[in-house]
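*Asks:* Encoded as structure tokens, here's the structure I'll be asking about.
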Amino acid sequence: MSAPIAFAPSLAISRACLAGLACLLASGLSAGATATYDTRPEVRAFAAEVAQRRQMDADWVLQQLREAKLRPAAQRLIMPPPVGQPKNWFAYRDRFVEPRRILEGVAFWKANAAALARAEERFGVPPEVIVGIVGVETFYGRILGNFRALDVLATLAFDFPTGRSDRSPYFREELEELLVLARREKVAPASINGSFAGAIGLGQFMPGSINRHALDFDGDGHVDLTTSAADAIGSIAQFLSVHGWQRGLPATYPVTPPTEEAARNKLLAPDIVPSFDAATFTQAGAGLTESGRAHAGLLALVTVENGALEPSYVAGTQNFYTITRYNRSSYYALAVLALGDAVKRSL
0 MSAPIAFAPS LAISRACLAG LACLLASGLS AGATATYDTR PEVRAFAAEV AQRRQMDADW
60 VLQQLREAKL RPAAQRLIMP PPVGQPKNWF AYRDRFVEPR RILEGVAFWK ANAAALARAE
120 ERFGVPPEVI VGIVGVETFY GRILGNFRAL DVLATLAFDF PTGRSDRSPY FREELEELLV
180 LARREKVAPA SINGSFAGAI GLGQFMPGSI NRHALDFDGD GHVDLTTSAA DAIGSIAQFL
240 SVHGWQRGLP ATYPVTPPTE EAARNKLLAP DIVPSFDAAT FTQAGAGLTE SGRAHAGLLA
300 LVTVENGALE PSYVAGTQNF YTITRYNRSS YYALAVLALG DAVKRSL
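When we follow numbering that gives the first Met the number 0, the leftmost residue of the sequence shown carries the number 0, and every step to the right adds one.
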């Protein structure tokens, strides 16, 4: 799963620049990265481990890795945003809850009403939640990503950029999962496209999530999250179900935070993890609606910043937390819910 993405074109290096090693190094590439990946000792060791672990032909694994190309754009885009930029929930929401995306969401819902209804019946996930996720992730298929998953996963597995916490072990796992996926579906790994981080399809599943949670929901014998909306819908619903979705439970309740700072900070400390019952919220001075006070499970006091304005708050349930298993961000989960609700009201 991935955060909402603004895709950028690959970095271009001029013909003159390619002639000099100094320029190559200045472009952010290492001298060792100019060779094909399959010639590097650490990649060959990785290929041997994968072949043994997954019972694959070692020559086939190396042949696939020979196709991988280093992508400087993936190295650049994986970096965190500049520090010091204030968060603004209203601005974030308005990127997704806007007329064109709502209109596309209505069309997606109507075109896939049967699959959405079947997913709700089987997993208990309402259509508006699935529609919200697809809309935030890929604008209903308009922004699927134009990077070869093999390239970006190899880049981030073996040439992860400096300047942030090293996540190369994670991307090596995902590169291995991509090879497993391609072999099972009988396609070339280099033929699979996705985001700059290797997320694939309408719901932007990483290869490991596809292998663990994706469904052949249209019954054609293949899992295809890029061209089969039904497969994407069923897979998103199953992912949420596996991660704790509770049928019939609201994702949030309205809440007024405690005015006393210590009490408010106590409720905010667990962040998005539901940790307090409704009685504890009330005793701390938080104001819940009648339905919130009747909630039988645990709640989280969730806050999002609004720039120079006062923050916004909701009481998040287990289902809100489950949406953040898709993308660990309260802003993301609230955008999914807001977009899904706007589409539902526009049907």
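We put the beta carbon where it would ideally sit given N, CA and C, even for glycine.
Keep in mind the model is a prediction, meaning the values are calculated, not measured.
#1: Using the three-state DSSP reduction, which class does Leu287 fall into: helix, strand or coil?
#2: Can the beta-carbon of Ile101 be found less than 8 Å from the beta-carbon of Ile235?
#3: Pick helix, strand or coil for Gly193, following the three-state DSSP scheme.
#4: Could you pull the start and end residues of the beta strand (DSSP E) that Ser311 belongs to?
#5: Identify every run of the alpha helix (DSSP H) within the region 132-161, keeping only runs that are complete inside it and at least 4 residues long; order them along the chain.
#6: Would you mind listing the beta strand (DSSP E) stretches within the region 231-299 that are 3+ residues and don't spill past its ends, in chain order?
#7: DSSP puts Val301 in a beta bridge; with which residues?
#8: Just how far apart, CA to CA, sit Tyr312 and Tyr91?
#9: Find out if the Cβ-Cβ distance for the pair Pro273, Tyr325 is shorter than 8 Å.
#10: What span of residues does the alpha helix (DSSP H) with Gly104 cover, start to end?
#11: With a CB to CB cut of under 8 Å and the five nearest residues on each side skipped, what residues in its chain are close to Gln74?
#12: Let's test the definition: count the other Cβ atoms within 10 Å of the Cβ of Leu308 and tell me whether it reaches 16, buried, or not, exposed.
#13: The alpha helix (DSSP H) spanning Ala198 covers which residue range?
#14: In terms of alpha-carbon separation, which member of Ala198, Arg163, Lys68 and Phe280 lies closest to Glu176?
#15: In its own chain, which residues sit with a C-beta less than 6 Å from the C-beta of Phe238, not counting the 5 before and 5 after it?
#16: Nearest-angstrom Cα distance between Gln282 and Leu298?
#17: Whether or not the region 53-72 and the region 123-139 are in contact is what I'm after, with contact meaning three or more pairs of Cβ atoms, one per stretch, closer than 8 Å; do they touch?
#18: Which partner residues of Asn210 appear in the DSSP bridge assignment?
#19: May I have the straight-line CA-CA distance separating Gly284 from Phe275, to the nearest angstrom?
#20: If distances are taken between C-alpha atoms only, which option among Arg147, Pro206 and Val254 comes closest to Glu66?
#21: Grab the span of the alpha helix (DSSP H) containing Gln84 for me, first residue to last.
#22: Helix, strand or coil for Lys68? Go by DSSP, reduced to three states.
#23: Short check: CB of Glu127 to CB of Asp340, under 8 Å?
#24: In angstroms, rounded to a whole number, what distance separates the CA positions of Leu115 and Glu260?
#25: For the candidate residues Arg327, Val301, Ile322 and Ala250, whose alpha-carbon lies nearest to that of Ser290?
#26: Determine the burial state of Ser329: buried for a count of at least 16 other Cβ atoms within 10 Å of its Cβ, exposed for fewer.
#27: How big is the Cα-Cα spacing for Gly104 and Val335?
#28: By the 10 Å Cβ neighbour count, where 16 or more other Cβ atoms means buried, how is Met78 classified, buried or exposed?
#29: Sorted by chain position, which residues of the same chain lie with C-beta nearer than 7 Å to Asn305's C-beta, five sequence neighbours on each side aside?
#30: Helix, strand or coil: how does DSSP classify Cys22 here?
*Replies:* So, from the listed chains and residues:
#1: In the three-state reduction of the DSSP assignment, Leu287 falls in the strand class.
#2: Cβ distance not < 8 Å, so Ile101 and Ile235 don't count as in contact.
#3: The three-state reading of DSSP puts Gly193 in strand, counting E and B together.
#4: Start and end: Leu308 to Gly315.
#5: As summarised for the region 132-161, the continuous alpha helix (DSSP H) elements at least 4 residues long and confined to that stretch are 148-157, given in chain order.
#6: Listed in chain order, the complete beta strand (DSSP E) runs (minimum 3 residues) inside the region 231-299 are 251-255.
#7: According to DSSP, Val301 bridges with Val313.
#8: Their Cα atoms are separated by approximately 15 Å.
#9: No Cβ-Cβ contact shorter than 8 Å links Pro273 with Tyr325.
#10: The continuous alpha helix (DSSP H) containing Gly104 extends over residues Pro98 to Ala110.
#11: For Gln74, where only same-chain residues beyond five positions count, the Cβ hits under 8 Å are Gly27, Thr154, Leu155, Asp158, Phe159 and Pro160.
#12: Residue environment for Leu308: exposed (fewer than 16 other C-beta atoms within 10 angstroms of its C-beta).
#13: Note, Ala198: premise wrong, no alpha helix (DSSP H); not H, not E.
#14: For the set Ala198, Arg163, Lys68 and Phe280, the Cα lying nearest the Cα of Glu176 is the one of Ala198.
#15: His212, listed in sequence order.
#16: Distance between the alpha carbons of Gln282 and Leu298 is about 14 Å.
#17: Counting Cβ pairs under 8 Å, fewer than three are found: no touch.
#18: Its beta-bridge partners do not exist; DSSP assigns none.
#19: Taking the CA atoms as reference points, Gly284 sits about 13 Å from Phe275.
#20: Looking from the CA of Glu66, the closest CA among Arg147, Pro206 and Val254 belongs to Arg147.
#21: Going by DSSP, Gln84 is part of no alpha helix (DSSP H) at all; its letter is neither H nor E.
#22: In this structure, Lys68 counts as coil in the three-state DSSP scheme.
#23: A Cβ-Cβ contact shorter than 8 Å links Glu127 with Asp340.
#24: Using only the alpha carbons, I get a separation of about 43 Å.
#25: The closest CA to that of Ser290, considering only Arg327, Val301, Ile322 and Ala250, is found on Ala250.
#26: Around the beta carbon of Ser329, a 10 Å sphere encloses 16 or more other beta carbons of the protein chains shown; the residue is thus reported as buried.
#27: Roughly 12 Å separates the two Cα atoms.
#28: Exposed: under 16 other Cβ atoms inside 10 Å.
#29: So the list reads Asn87, Trp88, Phe89 and Ser311, once near-sequence residues are dropped.
#30: Only weak support exists for where Cys22 lies, its pLDDT of 34 falling under 50; the value from the coordinates is given anyway. Cys22: helix per DSSP, three-state reduction.
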